[in-house]
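Only one structure is covered here, and it is reproduced in the block below.
Protein chains: 2
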Amino acid sequence: MAVAKFAEIKEHMLTQIEIGAWPEHSRVPSENELAEQFSVSRMTARRALQELTEQGILYRTQGVGSFVAALKSQSSLLEIRNIADEIQSRGHSYSAQLLQLTELPCPAVIASALGLKHQQQVFFSLIVHYEDQVPLQLEARYVNPQQIPDYIQQDFSHITPHLYLSQVAPLTEAEHTVEAILPDHFTCQHLHLKKPEACLRLTRRTFSRDGAVSLAYLTSPGSRYRLGGHLNFALEKRS
Amino acid sequence: MAVAKFAEIKEHMLTQIEIGAWPEHSRVPSENELAEQFSVSRMTARRALQELTEQGILYRTQGVGSFVAALKSQSSLLEIRNIADEIQSRGHSYSAQLLQLTELPCPAVIASALGLKHQQQVFFSLIVHYEDQVPLQLEARYVNPQQIPDYIQQDFSHITPHLYLSQVAPLTEAEHTVEAILPDHFTCQHLHLKKPEACLRLTRRTFSRDGAVSLAYLTSPGSRYRLGGHLNFALEKRS
DNA sequence: AAGTGGTCTAGACCACTTG
DNA sequence: AAGTGGTCTAGACCACTTG
Numbered sequence: 614m615a616v617a618k619f620a621e622i623k624e625h626m627l628t629q630i631e632i633g634a635w636p637e638h639s640r641v642p643s644e645n646e647l648a649e650q651f652s653v654s655r656m657t658a659r660r661a662l663q664e665l666t667e668q669g670i671l672y673r674t675q676g677v678g679s680f681v682a683a684l685k686s687q688s689s690l691l692e693i694r695n696i697a698d699e700i701q702s703r704g705h706s707y708s709a710q711l712l713q714l715t716e717l718p719c720p721a722v723i724a725s726a727l728g729l730k731h732q733q734q735v736f737f738s739l740i741v742h743y744e745d746q747v748p749l750q751l752e753a754r755y756v757n758p759q760q761i762p763d764y765i766q767q768d769f770s771h772i773t774p775h776l777y778l779s780q781v782a783p784l785t786e787a788e789h790t791v792e793a794i795l796p797d798h799f800t801c802q803h804l805h806l807k808k809p810e811a812c813l814r815l816t817r818r819t820f821s822r823d824g825a826v827s828l829a830y831l832t833s834p835g836s837r838y839r840l841g842g843h844l845n846f847a848l849e850k851r852s
Numbered sequence: 614m615a616v617a618k619f620a621e622i623k624e625h626m627l628t629q630i631e632i633g634a635w636p637e638h639s640r641v642p643s644e645n646e647l648a649e650q651f652s653v654s655r656m657t658a659r660r661a662l663q664e665l666t667e668q669g670i671l672y673r674t675q676g677v678g679s680f681v682a683a684l685k686s687q688s689s690l691l692e693i694r695n696i697a698d699e700i701q702s703r704g705h706s707y708s709a710q711l712l713q714l715t716e717l718p719c720p721a722v723i724a725s726a727l728g729l730k731h732q733q734q735v736f737f738s739l740i741v742h743y744e745d746q747v748p749l750q751l752e753a754r755y756v757n758p759q760q761i762p763d764y765i766q767q768d769f770s771h772i773t774p775h776l777y778l779s780q781v782a783p784l785t786e787a788e789h790t791v792e793a794i795l796p797d798h799f800t801c802q803h804l805h806l807k808k809p810e811a812c813l814r815l816t817r818r819t820f821s822r823d824g825a826v827s828l829a830y831l832t833s834p835g836s837r838y839r840l841g842g843h844l845n846f847a848l849e850k851r852s
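The listed protein sequences derive, respectively, from chains A and B.
So the first sequence is residues 614 to 852, counted in my numbering.
So the second sequence is residues 614 to 852, counted in my numbering.
Dropping the structure here:
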């Protein structure tokens with residue numbers, strides 16, 4: 614079996630939702646209807662519905678039916694994922710636009726965060742990440758040149774800074790801050806926002822074995838992006 | 614069927630792991646072994662194993678077996694803190710204003726999240742949390758009345774819902790979503806926002822041993838609140 | 001009464017890893 | 001070759017919501 618049948622059904626349903634054929638809160642086919650349409654047993658149709666429900670894409674009510682949940686891009690809070698992978702794992706196309714890749718004298722805040730001296734040179738990259746041609750995130754990143762001397766020679770339209778950094782300086786630690794902000798004019802422009810709207814801003818400082826590597830400001834429109842996480846405490850009680 | 618068979622098997626396995634009978638990375642019974650032990654079909658035993666795997670409690674390898682996963686590292690980004698403690702630990706004064714504490718017929722989305730039936734009664738509380746007399750967070754919370762029958766009798770101007778819930782139904786699991794939104798008029802009013810500004814909204818679903826306990830929407834002005842965290846990867850490599 | 005989702009059975013064939 | 005997990009079938013009974 615090249616592709617599982619339940620996966621094909623999920624794929625089909627996701628497509629219907631994406632193209633808007635099945636709007637939010639509309640009813641989707643029942644287990645029995647899907648089973649007949651795809652010539653599978655009810656258990657297989659059920660699995661497709663069930664997994665989409667666990668992913669937060671559908672919600673179901675016994676005796677009533679299954680419905681499309683409100684949709685948004687979602688990423689995990691717990692893991693630091695490469696945004697390209699994240700987008701592609703949703704079955705969408707990823708692309709990037711490199712706006713800047715330069716060397717700057719280090720602003721005081723950045724110097725302090727990266728353990729550099731004020732006015733020392735620091736690498737800076739500015740990139741827009743697109744999901745299916747729609748800007749999902751503006752990434753402004755300062756990189757410690759002592760740790761990553763070749764940063765400025767990379768082609769960041771083909772590899773994300775995150776992926777490159779994780780290859781040359783494996784991540785050992787990260788610090789996050791999450792804020793809601795109203796973006797400035799410049800950010801609005803690059804995120805194709807006609808009017809300023811609430812944006813999520815992640816500030817992420819990453820560390821490798823030898824200390825602070827980079828400080829990134831990741832800004833995404835609130836209407837297109839959210840962070841999701843899952844915590845499990847069952848096993849933590851023991852220690 | 615009072616309690617589903619797959620749930621009983623999960624319960625049993627969780628207990629074994631919690632009491633240390635099944636240490637990290639040790640092998641747990643196979644689908645066939647569990648099916649025989651509990652006199653159920655393999656599909657039912659499989660479901661128990663599968664759900665524990667999705668919860669991150671087990672990991673499985675085809676042809677080899679199922680194993681107890683490693684402890685998750687803690688992330689203060691998602692650390693579930695009592696907001697009263699959080700405010701007081703900054704040396705500020707905490708107070709709360711109870712706006713609503715009622716019983717409602719359950720909306721479909723809430724029912725699905727809490728494992729309740731549509732239109733069944735659900736408890737609802739609405740509270741504003743103040744830091745030094747300034748509103749910091751609007752908390753709208755739906756609570757499973759089957760698990761927390763006395764919720765509606767509590768005095769939430771003196772104890773936060775989070776603290777009360779953690780006392781009567783210890784947290785085993787939590788799911789988070791973080792979004793940036795523009796608040797509606799009602800929210801603006803209670804957060805004393807003259808104009809709508811970007812707000813952080815945490816959606817938090819909490820679980821106890823017996824299932825979903827509550828679903829909370831926590832909304833805070835972006836200018837007054839942010840989430841901060843620290844991730845350590847040394848222990849996280851598992852999959 | 002008809003349709004929905006929730007649970008379960010007792011089989012089946014498969015791909016995979018191990019001794 | 002024996003055991004594991006992965007997928008699937010064609011039934012069954014149930015609780016629930018709706019017309």
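Glycine included, C-beta positions come from ideal geometry on N, C-alpha and C.
Continuous beta strand (DSSP E) stretch holding residue i: start and end
i, result
"Glu786 of chain B", "786-794"
"Tyr750 of chain B", "The sequence as given places Gln at residue 750 of chain B; Tyr does not occur at that position. From DSSP, the beta strand (DSSP E) with Gln750 of chain B extends over 747-756."
"Phe651 of chain A", "Counting along the chain, Phe651 of chain A falls outside any beta strand (DSSP E), and DSSP gives it neither H nor E."
"Ser708 of chain A", "707-718"
"Thr816 of chain B", "812-821"
"Arg725 of chain A", "First, the amino acid is wrong: residue 725 of chain A is Ser here, not Arg. That residue, Ser725 of chain A, is in no beta strand (DSSP E); its alpha helix (DSSP H) goes 721-727."
8 Å Cβ cutoff met for residue i and residue j
i, j, result
"Thr674 of chain A", "Ala726 of chain B", "no"
"Ile670 of chain B", "Leu647 of chain B", "no"
"Leu815 of chain A", "His789 of chain A", "yes"
"Ser821 of chain A", "Ala787 of chain A", "no"
"Asn645 of chain A", "Arg660 of chain A", "no"
"Arg837 of chain A", "Leu749 of chain A", "yes"
"Val756 of chain A", "Val826 of chain A", "yes"
"Gly835 of chain B", "Ile794 of chain A", "yes"
"Leu662 of chain A", "Glu792 of chain B", "no"
"Val681 of chain A", "Glu637 of chain A", "yes"
"Cys719 of chain A", "Gln734 of chain A", "yes"
"Phe736 of chain A", "Pro758 of chain A", "yes"
"Thr800 of chain B", "Leu729 of chain B", "no"
"Ser639 of chain A", "Ser679 of chain A", "no"
"Val616 of chain A", "Met626 of chain A", "no"
"Ala811 of chain B", "Ala634 of chain A", "no"
Helix, strand or coil at residue i according to DSSP, with G and I counted as helix
i, result
"Arg837 of chain B", "coil"
"Lys685 of chain B", "Since pLDDT at Lys685 of chain B reaches only 47, below the 50 mark, its modelled position is unreliable, and the value read off the structure follows with that caveat. DSSP places Lys685 of chain B in coil when its eight states are reduced to three."
"Val826 of chain B", "strand"
"Gln734 of chain B", "strand"
"Phe769 of chain B", "coil"
"Ile585 of chain B", "With chain B covering only 614 through 852, there is no way to say anything about residue 585 of chain B."
"Thr832 of chain B", "strand"
Assumed close pair residue i, residue j - CB separation to whole angstroms, cut-off 8 Å
i, j, result
"Tyr743 of chain B", "Gln713 of chain B", "The pair is not a contact, with the Cβ atoms about 17 Å apart (cut-off 8 Å)."
"Ala753 of chain B", "Ala829 of chain B", "7 Å"
"Asp823 of chain B", "Gln760 of chain B", "6 Å"
"Leu778 of chain A", "Thr819 of chain A", "7 Å"
"Thr773 of chain B", "Asn695 of chain B", "6 Å"
"Phe619 of chain B", "Thr666 of chain B", "About 13 Å; that fails the 8 Å criterion."
"Ser706 of chain B", "Asp745 of chain B", "5 Å"
Alpha helix (DSSP H) segment containing residue i, residue limits
i, result
"Ser779 of chain B", "774-781"
"His798 of chain A", "798-803"
"Ile700 of chain A", "696-702"
Discussion item. Ignoring anything shorter than 4 residues, give me the alpha helix (DSSP H) runs that lie fully in the stretch 628-677 of chain B, in order along the chain.
Written reply: 644-650, 655-667
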